[in-house]
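I have placed the structure first, in the form of structure tokens, so that the comments after it can refer back to it.
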Amino acid sequence: RINRGLDANFDLWAFGLRSLYNESAGRVEVYLESLRSQAVNICGLDMSVSFDAGERIHMENSYKFDLDGLTLLGRQSGFDLERTWLDEEKLFSSNLFRVSEA
Numbered sequence: 014r015i016n017r018g019l020d021a022n023f024d025l026w027a028f029g030l031r032s033l034y035n036e037s038a039g040r041v042e043v044y045l046e047s048l049r050s051q052a053v054n055i056c057g058l059d060m061s062v063s064f065d066a067g068e069r070i071h072m073e074n075s076y077k078f079d080l081d082g083l084t085l086l087g088r089q090s091g092f093d094l095e096r097t098w099l100d101e102e103k104l105f106s107s108n109l110f111r112v113s114e115a
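Here it is, written out as structure tokens:
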């Protein structure tokens, strides 16, 4: 997206996707990791950025909740848990919330 929107020259094959679980924070952290030393030109910002091999760009955090925590978060946000669908191992869920009537 940066290549198109900001006229950059990121070599997509020079980065790998890395995901790590941060147990103390209760989240999955997703990074792009430079596979080699490189420089990227971002013409739209008139800048160049250098990356060392192994250097990471933090892309996102994905927080994980147990069902009780998710239900509580919904209530605190004005929603009631209507229905939950779980995978066979009960590791993942899809959840339907509705606006609280109270």
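Counting the sequence shown from 1 gives a position; my numbering is that position plus 13.
Virtual Cβ for every residue (Gly too), placed ideally from N, Cα, C.
All values reported here derive from a predicted model rather than from experimental measurement.
Under the Cβ criterion (8 Å, minimum of three pairs), the segment 16–32 counts as touching the segment 45–58.
Closest option to R111, judged by alpha-carbon separation, among S37, V53, L94, S63: L94. Non-local C-beta neighbours of F105 in its own chain, meaning closer than 6 Å and more than five positions away in sequence, are absent. In this chain, N22 is not harboured by any alpha helix (DSSP H), its DSSP state being neither H nor E. Annotation: V62 to F28 spans about 14 Å, alpha carbon to alpha carbon.
Boundaries cannot be given for L48, as no alpha helix (DSSP H) includes it and DSSP labels it neither H nor E.
For the pair Y76 and R31, the CB atoms are not nearer than the 8 Å cut-off. With fewer than 16 other Cβ atoms inside 10 Å of its own Cβ, S37 counts as exposed. The residues S47, S50, in chain order, have a CB closer than 8 Å to that of D65 in the same chain once the five nearest residues on each side in sequence are set aside.
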